[in-house]
Every structure is written in C-alpha cells, then in structure tokens.
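One structure below.
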Amino acid sequence: MDQAHIRNFSIIAHIDHGKSTLADRLIEATGALTSREMAPQVLDSMDLERERGITIKAQAVRLFFESQGERYELNLIDTPGHVDFTYEVSRALQACEGALLVVDAAQGVEAQTLANLYMALENDLAIVPVINKIDLPSADPDRVMEELIEIGLDGTEAVLTSAKQGIGIDAVLGEIVAKVPSPQGDSLKPLRALIFDSRFDSYKGVLVYIRVIDGALKVGDRVRFMATHGEFEVTEMGVFGPNPLAVEKLDTGEVGFFAAQIKTVQDTRVGDTVTLAEAPAATPLPGYRPAQSMVYSGLYPVDSDDYGRLREALEKLRLNDAALTFEPETSAALGFGFRAGFLGLLHMEVVQERLEREYGLTLITTAPNVVYHVTLLDGEEIRVDNPALLPAAGDIAAIEEPVVEAQIITPSEYIGAVMELAQERRGIYTNLDYLDSARARLVYRLPLGEIMFDFFDQLKSRTRGYASLDYQVEGRQASDLVRMDIMLNGEVVDALSTIVHRDRAYHKGRALVERLHQLIPRQLFEVPIQAALGSRVIARETVKAMRKDVLAKCYGGDITRKRKLLEKQKEGKRRMKSVGSVEIPQEAFMAILRVDDQ
Amino acid sequence: MSGQRWGLYVHVPFCRTRCTYCDFNIAIGMTEADHVRYTHALIAELFGKSLPSGPLASIFFGGGTPSLVASELLVGVIDAIRERRGLDETVEITIETNPGTVDEAKLAHWRQAGVNRLSIGAQAMQDDHLRRLNRAHDVQDIVDTVRSARMAGFSNISLDAIYGLPWQTEREWRETVRRLLDFQPEHLSLYQLMIEEGTPMAKRLARGAVRLPDDDRVADMADWAEQALSAAGLMPYEISNYARTGRESVHNQLYWQLEPYLALGAGAHAYLPGRRWWNVRNVRRYMERVEAGSDPVDGEEQLSQAEEMREFLWLGLRQRCGVDVSRFRERFGKSPEAAFAEVLRSLRQSGLLWFDDHSLRLTPRGRDLASVVARALVDAPLRHQVGLSS
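Just so you know, the sequences run in chain order A and B. Residue numbers for the first sequence follow the numbering used here, beginning at 1 and rising by one. Residue numbers for the second sequence follow the numbering used here, beginning at 1 and rising by one.
Here it is as structure tokens:
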C-alpha cells in the first residue's frame with residue numbers, strides 16, 4: 001500500500017471507557033472478522049486480561065476501509081491500559097500518527113485520559129476525540145464536550161458513539177482517514193523500524209511487532225537490534241487481520257510482525273530500533289529506555305520442593321516478559337526463593353497469578369517494596385531491594401526513595417478528602433486546577449512506596465469511587481526511613497520486615513500487628529506478635545491458644561465425608577508456612593498492604 | 001469374623017421442613033403414598049441382601065424424620081427384619097423422633113414391635129431459636145413428646161441439642177441444658193453447630209445476615225455443659241455424647257469402633273471390613289431401582305489395611321475409653337505404636353494423646369482439639385518394618 005493510503009492509530013482511554021469494545025466494532029465494521037467469529041474484545045488475547053478487563057500486551061490489527069472510492073489500510077495499535085506500562089504505551093503511540101481519545105459520556109475526562117492525551121501530544125499525534133457510551137441513561141455528551149475543550153481539544157468535533165450498540169462506528173473510521181496524517185517516513189533511507197511489542201511463540205520464537213518508519217523489511221533480510229546489538233535472519237513476516245496472515249514485505253509506514261528464530265524477548269526490547277545488518281541506519285529512533293523494575297517482592301514456594309519448578313516457571317515467563325527480573329534469595333523464615341522485580345503492582349499481580357494458575361505453584365509472596373538508595377557512613381552507595389537487607393541504622397548516612405508525580409482527578413467536593421489522604425502519605429502539594437465547575441485535578445509529589453500501600457483503594461473509598469489516579473516516576477528523595485521488624489513468638493520473621501517513615505512507624509506497627517492478629521489463626525499455644533524498630537518493641541498483640549477444634553458429629557454415613565473434610569483441612573494447613581513453630585497463612589505476608597490507614 | 005456383631009441402619013428421609021443447618025439426605029413434601037412405597041422398598045432391599053452371620057446388635061432408624069411415617073409402616077420394616085433374622089430384647093432398636101410427630105398410640109405400637117430407645121431431636125428450649133432454625137416444632141412439643149414417651153414405657157431416651165447457634169447466649173444454652181436434664185434422660189447428645197456448605201444457614205452467614213457467638217463463648221458453653229451433665233450423672237463417653245452408665249448407644253459405638261453395619265434406604269452407608277458403600281441418594285431413584293429388582297448401590301470405597309488402622313484410631317479416640325490396644329492388635333496384627341510410632345509420639349509430645357501398652361486416649365486438651373489429632377492421623381505414614389521384629 002502506498003504511504004498516502006496508510007493510517008496508523010491507537011485508541012487511548014481511561015480504563016472501562018470502552019476502548020476494547022470500540023476496537024471490536026472497528027474490526028467488525030471493516031469486515032476483518034464476521035461478528036460470529038468475534039469473541040468479545042478480540043484484542044485482549046490473554047485470558048487473564050479478559051478476566052480483569054485490562055490489556056497487558058499490545059497487539060496490532062490491519063483493517064481495510066473504503067472512503068470516497070479510495071481504499072485505506074488502517075493499522076490499529078492497541079496499548080496497555082495501566083499505569084505500570086506507561087513506557088510501553090508511549091512506544092506504541094510513537095508507532096502511530098494519530099489516536100482516538102475515547103471518553104465515557106457519563107464519566108467524562110479521567111486521570112488516565114489526561115495522562116494518555118499528554119503522552120500522545122508529546123508524540124505529535126493527531127487526536128480524534130470520541131465520546132462513547134452515549135446510549136447510557138446517565139450520558140451527558142454536552143458536558144463531556146466542554147471538558148474536552150477545557151483540556152485543549154476541539155470538543156465540538158468529537159464523534160458520538162455507542163460501541164456497545166454499534167452507533168457512530170463508520171463516522172469514527174471516516175475521521176481516522178480525514179484527520180490522522182499518513183506516515184511521513186522515507187522509503188529510500190536505510191531501514192529503521194520501531195519495536196512496540198514482542199511475544200514468545202513456542203514454534204516460531206519471538207514475534208517482534210514493528211512499525212516501519214524508514215525503508216522496508218522483507219523475509220530473508222538480516223536484521224540488527226540497535227540497542228541490544230543482536231543480529232537475526234528474518235524467517236517469516238506477517239500482519240494481523242486480526243487472524244495472522246503471512247506477508248513477504250513490510251513497507252515504509254506499515255505495521256506488522258516478524259519472526260527470526262529469536263529465543264527470548266530479552267533480545268527484543270520495546271522501543272529498540274530494528275535496522276538491516278548490511279545497510280544499517282546511522283542513528284536509532286529516539287526514546288529507547290531499558291525496562292526498569294520499580295517494585296520488588298519475594299516469591300517463595302510454600303512447599304520447598306517446588307523451588308526448581310518455580311525457577312523453571314519464572315524462566316518461562318521471562319521468555320515473554322522482558323520487564324520481569326529475578327534473582328535467587330534466601331529467607332530465614334521462608335527458605336529458598338526469588339526476589340523478583342516488576343514494572344509496578346499490577347505487573348506483579350499478573351506474574352504472581354500466572355505462576356499460580358498456569359504453573360500450579362502455591363506461593364508465598366512478600367509485600368512489595370520499592371528500591372532504596374542507601375549511602376553508608378563510609379561513603380559507599382548501595383541499592384536495597386529487600387527491606388530485610390537494609391543495613392543497621394548506625395551504618396547509614398542517608399536513604400533515598402523513589403517519588404512519583406501523581407495526578408488525581410476528583411469531583412470538587414472530595415478535594416479535601418484527597419488532600420488529606422495525600423498528606424497522610426507524605427505527599428507534597430504541587431498544583432490544583434479545575435476541569436470544569438464540578439471536577440478538579442490535583443497534582444502531588446508522593447513517595448512511590450506510599451502509593452503501594454493501598455493508596456488506590458483508599459482514594460476510591462474516600463471519593464465514593466469517583467477519583468482517578470495516574471502517576472509517573474520522577475526521581476528520588478532523601479527521607480527519614482527505618483526498618484520495622486515483626487517478631488512472632490519472639491523471633492524476627494525477615495519476610496515481614498518493611499521500611500517505613502520514622503514518623504509513621506508507630507502507627508504502621510500498631511496497624512500491622514493488629515492485622516496480623518486477625519490473620520494468624522489460633523495455634524496450639526499462645527503466639528505474641530510484636531513490631532520492633534531495632535531492639536525497641538513498638539506494638540504487641542497476642543494470638544490466644546486455640547480452645548476447641550472438634551467435629552461434632554461423626555456417624556456411619558459420615559465417616560467417608562468427615563475423613564475427606566479432615567484431609568481438606570489438612571491441605572489448607574499445608575498452604576500455610578511454618579515459621580519456627582507458628583503456622584502463618586499466605587495472606588499474612590501481604591498484610592502490610594491492607595493495613596487500614598484511617 | 002463370622003461371629004462378629006453388627007448393626008443395621010435404616011434411613012427414612014422424610015421431613016416436614018428443612019432445618020436451616022441441615023445438609024442430610026432428606027425429602028420434603030412427600031405424600032403418605034410415598035411413605036408406603038418407600039417402606040416397601042426398604043423391605044424389598046432387605047430381602048435382596050445377604051446378612052452377616054454374627055449377632056445383630058442394633059437397629060437404628062435415622063433420618064430425616066423416621067417418626068413422621070405411620071407406625072404400621074415402620075413396624076412393618078421391623079417385622080420384616082424379625083422375619084429374616086429373629087429379634088430379641090437384647091437388640092437395641094432406636095427411632096429418631098422429632099417432637100410433635102408422635103402420639104401415644106404410635107409410641108405404644110413401636111414399643112410392642114420391640115423399639116426400646118428413642119432419640120428425640122429437641123435442639124433448643126427456646127421457641128425463637130426453634131423458629132429461626134426452621135424446626136417444625138416448639139418447646140411445648142418437646143415436653144409433650146418426652147412425657148408421652150415415658151408414659152408409653154420408654155426407659156431409654158436420648159435428647160439432642162445444639163450449641164453455638166446464631167445469636168445464642170450462654171444463658172440460653174444453660175437454660176436448654178438444665179431443662180433437658182429436668183427430663184432425666186438416659187442419654188444426651190450435645191453438638192456444636194457445624195456450618196455445612198450449601199445450607200440456608202451457610203448462605204445467611206455468608207450474607208452477614210446472622211452472627212455466631214465467638215469461639216471462646218462456644219468453648220465456654222461446651223465446658224459448662226460437660227460439668228453440668230457430669231454432676232447430673234450423665235458421663236461423657238464420646239466427644240458429643242453423654243450417658244448414664246450402661247446407656248451408651250450401642251449403635252453409635254459400632255461406628256466409632258469400626259464394627260460392621262449394613263444399611264437400608266436412600267443414600268444409606270454400609271460398612272464391612274475393607275469396604276464402605278452407599279445407596280443412590282435420590283429417594284425416587286432409590287425406590288425405582290429397588291422396585292426394578294436392581295441393586296441400589298451407587299458408590300463404594302475400598303479401604304486398605306493402613307486406612308482401616310488410621311480410621312480405627314481417629315474414630316476410636318473420639319470415645320472417652322479410647323482405643324484398646326489388644327483389639328487393635330487382634331485386628332491388624334500389630335500395635336498402634338508399631339504402626340504409627342512417629343505420629344503418636346509427636347501427639348504425645350504435644351500433650352494431646354496419652355498411651356501405654358493397653359490403650360490410647362486423648363488427654364483433656366486432646367479432647368478439645370480432637371480434630372488436630374484426627375488430622376494428624378488421617379494420613380499418618382505407616383511405618384514399614386522390613387526386617388524388624390515388632
């Protein structure tokens with residue numbers, strides 16, 4: 001297809017504003033699939049994504065659309081919908097010339113809408129505003145148009161749609177052709193193709209999703225990855241329609257994938273530039289950045305015999321997840337396991353869930369933590385990704401923690417509540433402005449570590465679910481941080497150690513000890529739970545010894561059933577970890593996350 | 001084994017209402033014609049069976065509500081057993097009886113047929129609790145039923161009650177226990193409420209519509225009751241069962257001592273050494289199968305010797321008298337300690353189990369935590385003694 005007839009675009013939206021449904025309708029309307037073939041929301045191809053209603057891995061679909069007698073190739077590049085994957089989103093947007101900005105006709109502009117919009121504008125994309133869900137009884141498209149004007153878009157030109165009912169779909173396609181510019185690359189220059197995603201296929205090796213910026217790529221070419229330096233011979237190329245379709249060549253401006261017997265996605269970093277080994281480009285495309293773990297957590301098999309299986313499972317997941325890192329570690333309480341690094345909390349949850357679900361592992365996961373940069377008194381600087389390994393307070397000159405800039409959009413009536421929450425979490429106020437008379441945008445600088453402690457849940461509960469949140473990591477700051485240990489039956493459980501701000505240690509210690517008191521079941525003997533800073537105990541609770549545990553009835557018809565019940569109870573106990581002589585349920589290791597901060 | 005005593009369980013699934021905590025195999029809304037058809041099926045099933053040669057020690061009509069059906073129907077079943085087997089007054093014949101389902105004529109008829117024990121489901125002595133549990137009777141019915149039973153000449157009466165009920169206070173529980181003791185029963189079964197999956201009670205609990213007393217209160221209820229009953233001469237002989245000396249339930253001891261029992265009726269379970277099996281649960285399908293002359297058995301499990309040894313222990317330990325080492329050795333050819341040394345010693349170490357060369361018993365702490373012991377035993381590894389003398 002000649003460049004003038006190509007349109008590359010993404011759909012950006014706040015979660016639940018109807019992005020996936022709109023994508024489905026576009027695919028259906030262009031005849032790429034009949035409606036019978038469509039499983040709902042075809043772009044979300046992992047089960048887990050569909051269940052959680054989120055998109056984790058970007059994918060691209062090629063659509064054909066006729067407008068005024070001309071045939072256009074529209075490439076829809078899907079973007080992940082979560083704050084953990086901001087960098088992936090930015091690279092997917094870099095592969096486009098335009099974006100549909102979808103806003104829910106009832107909810108209006110939200111934090112992610114804005115964050116995505118700014119990112120699209122940074123990439124110089126043409127924006128096509130779409131007001132979706134106009135069929136809802138609570139839809140108020142006029143108000144949403146005003147909000148769009150408030151954030152600098154031409155709200156009056158927004159396309160009104162109901163993706164669910166198929167209203168306005170052709171109009172959206174028409175606007176894409178009319179408003180999104182065609183690709184401007186140079187077909188005569190050496191190949192430069194942007195990697196915006198990759199995934200591992202057990203037959204073909206890694207499938208690399210690219211947008212050709214300059215030049216062209218064909219089967220048999222030897223390619224070079226400019227950042228990771230790998231070289232491979234292209235064995236197969238294709239596009240998604242949305243079913244895969246082999247092609248011989250991808251031209252300037254086109255979007256597709258190639259396979260080249262690549263063994264792991266570690267070689268194919270999102271944002272890297274693909275060029276030809278024989279005729280390489282002089283400079284890579286701008287904006288590449290290696291994936292960086294922001295959140296760490298310990299992963300331990302409940303059954304220590306599963307250590308080898310856990311390692312294998314992590315290795316398999318890493319084939320398809322360039323952002324996942326892990327190293328073996330040992331815990332006095334939990335034995336042999338791994339310290340794994342993730343892009344963010346969602347990424348962490350997804351990995352943990354896949355390990356349990358797809359690999360049948362039963363895991364203890366420790367509460368996540370951020371990376372601390374510690375300067376020792378002798379001037380040495382170290383990086384601490386496990387609270388238990390924080391050096392003794394007497395050896396530390398300074399501790400720095402990562403901070404984020406958080407944007408929170410909330411109805412004006414909850415501004416006070418949001419500010420209170422942000423301040424409790426050591427937030428520093430940066431800005432407040434109004435989207436319209438009813439809604440405001442607050443900007444805070446917050447420690448990332450504080451956001452992980454149920455910040456989002458608290459934000460939702462204090463604003464009756466109306467507030468939305470987005471954040472970007474913005475460097476580090478020095479803070480007065482200390483390690484808080486938890487002792488069970490007098491013994492420190494290293495996997496329960498956390499790093500907290502000194503001023504909040506007493507409060508957190510109290511709350512954590514109370515939470516553990518609820519979670520740890522009664523044992524045969526009494527179990528004291530203590531929180532301590534160094535040798536100073538700051539909070540204590542006691543789990544009383546169990547009084548009764550009996551099966552009231554056991555008669556003839558019951559014996560088989562009661563035996564099975566006992567076996568099941570025993571299985572439940574096996575899912576607990578024995579630390580010293582105390583049986584601790586898995587959730588207890590995550591208790592710090594659910595500590596109620598009210 | 002030919003001389004071993006055995007029991008017969010007869011399941012009568014009919015009930016007027018379903019109690020909120022009940023997950024038994026019961027049927028509501030059946031007609032008298034169904035009762036006739038069902039009891040005929042019981043008799044047909046009996047005549048289709050081969051019976052053990054040892055002495056029949058007990059017959060237990062359980063439910064459901066066996067007392068709901070017309071007396072001539074139950075008596076018909078008893079007569080059929082007598083015809084097959086012969087019965088004398090040494091056989092314990094129990095009928096589970098719900099208050100409000102019997103009159104003097106029915107009770108008298110049972111007496112004549114040889115029934116010598118009643119197990120009456122009182123459950124609580126407060127009308128509001130009975131109503132909340134969806135019991136089909138009130139406190140007055142309990143009083144009337146016990147009085148009628150005594151008048152009819154029943155001298156072996158057991159009463160059931162439940163503690164740990166939603167909203168139940170300790171004061172109410174004590175009142176229930178005291179009033180049951182006023183009846184001077186020969187036997188009491190006091191059950192801690194168990195929440196069974198899928199029951200209306202479990203659903204209400206999940207919804208937050210009911211609240212249970214906390215664990216410590218429930219434990220206090222149990223402890224208080226044990227003292228009150230002992231003081232009244234009713235001695236605990238099993239986790240939930242109390243009796244005057246000599247009035248322990250013969251039938252239930254068969255279960256706890258892993259002795260044989262056969263079973264008649266829908267969903268009823270039977271056991272002979274090495275095998276446990278059960279009939280089809282559905283009442284209509286049970287009747288159809290029997291009427292068609294086919295076997296109503298729906299499932300079975302084979303028990304290895306190791307499994308039987310484990311059951312012998314965890315069931316036997318429910319009893320105050322514990323497990324008799326010589327009986328264990330007679331049956332399995334080795335002592336419990338030779339079979340499960342490691343687990344038994346660790347239980348002793350934890351203060352839950354006591355044993356010597358003659359018997360194994362739970363300590364008082366072990367009785368409170370009988371399930372901890374049972375869980376340790378259900379899959380206790382068997383020590384294989386290759387080349388070692390026991």
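No residue lacks a Cβ here, since even glycine has one placed at the ideal position from N, Cα and C. Given the structure is predicted, the values throughout are model-derived calculations rather than measurements.
When DSSP states are grouped into helix, strand and coil, A:ALA545 belongs to the coil group.
For the stretch 156-233 of chain A, the continuous alpha helix (DSSP H) assignments of 4+ residues that do not extend past its boundaries occur at 169-179, in sequence order. For B:SER58, the uninterrupted beta strand (DSSP E) run begins and ends at 56-63, by DSSP. Per DSSP, the continuous alpha helix (DSSP H) segment holding B:GLN305 begins and ends at 305-316. For B:ASP220, there is no enclosing beta strand (DSSP E); the enclosing alpha helix (DSSP H) covers residues 215-231. One thing to note: A:ILE11 has its Cβ within 8 Å of the Cβ of A:ALA23. ARG522, LEU524: these are the residues of the stretch 502-524 of chain A whose beta carbon lies less than 9 Å from some beta carbon of chain B, given in chain order. With 16 or more neighbouring CB atoms inside 10 Å of its own CB, B:TYR255 falls in the buried class.
Taking a contact to require three or more Cβ pairs closer than 8 Å, the stretch 381-400 of chain A and the stretch 475-493 of chain A qualify as touching. Looking from the CA of B:ALA219, the closest CA among A:GLY557, A:MET590, A:LYS548, A:VAL579 belongs to A:LYS548. Of the candidates A:PRO521, A:HIS517, A:VAL513, A:VAL513 places its Cα closest to the Cα of A:ALA532. Annotated as distal: B:SER119 and B:LEU190, with beta-carbon spacing of 8 Å or more. Under the DSSP assignment, B:VAL373 falls in the alpha helix (DSSP H) whose first and last residues are 370-378. Under a criterion of Cβ atoms nearer than 9 Å, the residues of chain B adjacent to A:GLU567 are, in order, ARG375, VAL378, ASP379. Secondary structure of A:ASN320 (DSSP, three-state): coil. With contacts defined by Cβ atoms closer than 8 Å, A:ILE149 and A:ARG269 do not form a contacting pair. Residues of the stretch 481-497 of chain A whose Cβ lies closer than 7 Å to any Cβ of chain B: none. Nearest C-alpha to A:ILE6 among A:GLN184, A:ALA139, A:SER138, A:LEU153: A:GLN184. Annotation for A:SER90: the continuous alpha helix (DSSP H) segment containing it runs 86-94.
The residue from A:GLU315, A:VAL180, A:GLU175, A:LYS133 with its alpha-carbon nearest to that of A:THR161 is A:LYS133.
Counting C-beta atoms within 10 angstroms of its own C-beta, B:MET151 has fewer than 16 neighbours from the protein chains shown and is therefore classed as exposed. Contact with chain B is found for A:MET546, since one of that chain's Cβ atoms lies less than 8 Å from the residue's Cβ. Contact annotation: B:ALA161 and B:ALA124 have beta-carbon atoms nearer than 8 Å. When the beta-carbon positions are compared, A:MET576 and B:LEU369 stay at least 8 Å from each other. Rounded to the nearest whole angstrom, the C-alpha separation of A:PHE257 and A:GLY168 is 30 Å. Separation of B:GLY233 and A:GLU349 (C-alpha to C-alpha, rounded to the nearest whole angstrom) is 60 Å. The stretch 500-519 of chain A makes contact with the stretch 529-544 of chain A, as at least three CB pairs between them are under 8 Å. For secondary structure counted as the beta strand (DSSP E) over 3 or more consecutive residues, the stretch 459-526 of chain A holds these complete runs in sequence order: 468-479, 481-488, 498-501. For A:PHE453, there is no enclosing alpha helix (DSSP H), as DSSP marks it with neither H nor E. DSSP, read as helix, strand or coil, puts A:PRO411 in strand. Of all alpha-carbon atoms in A:PRO528, A:ASP457, A:ILE408, the one lying nearest the alpha-carbon of A:THR542 is that of A:PRO528. Just so you know, the alpha carbons of A:MET590 and A:THR366 end up roughly 6 Å apart. Following the DSSP letters along the chain, one finds B:SER240 in no beta strand (DSSP E), marked with neither H nor E. Residues of chain B whose Cβ lies closer than 7 Å to the Cβ of A:LYS577 do not exist; the shortest such Cβ separation is about 17 Å. The stretch 242-255 of chain B and the stretch 199-213 of chain B do not touch, with fewer than 3 CB-CB distances between them shorter than 8 Å.
A contact between stretches requires three or more CB pairs, one per stretch, nearer than 8 Å, and the stretch 366-380 of chain B meets this requirement with the stretch 564-579 of chain A.
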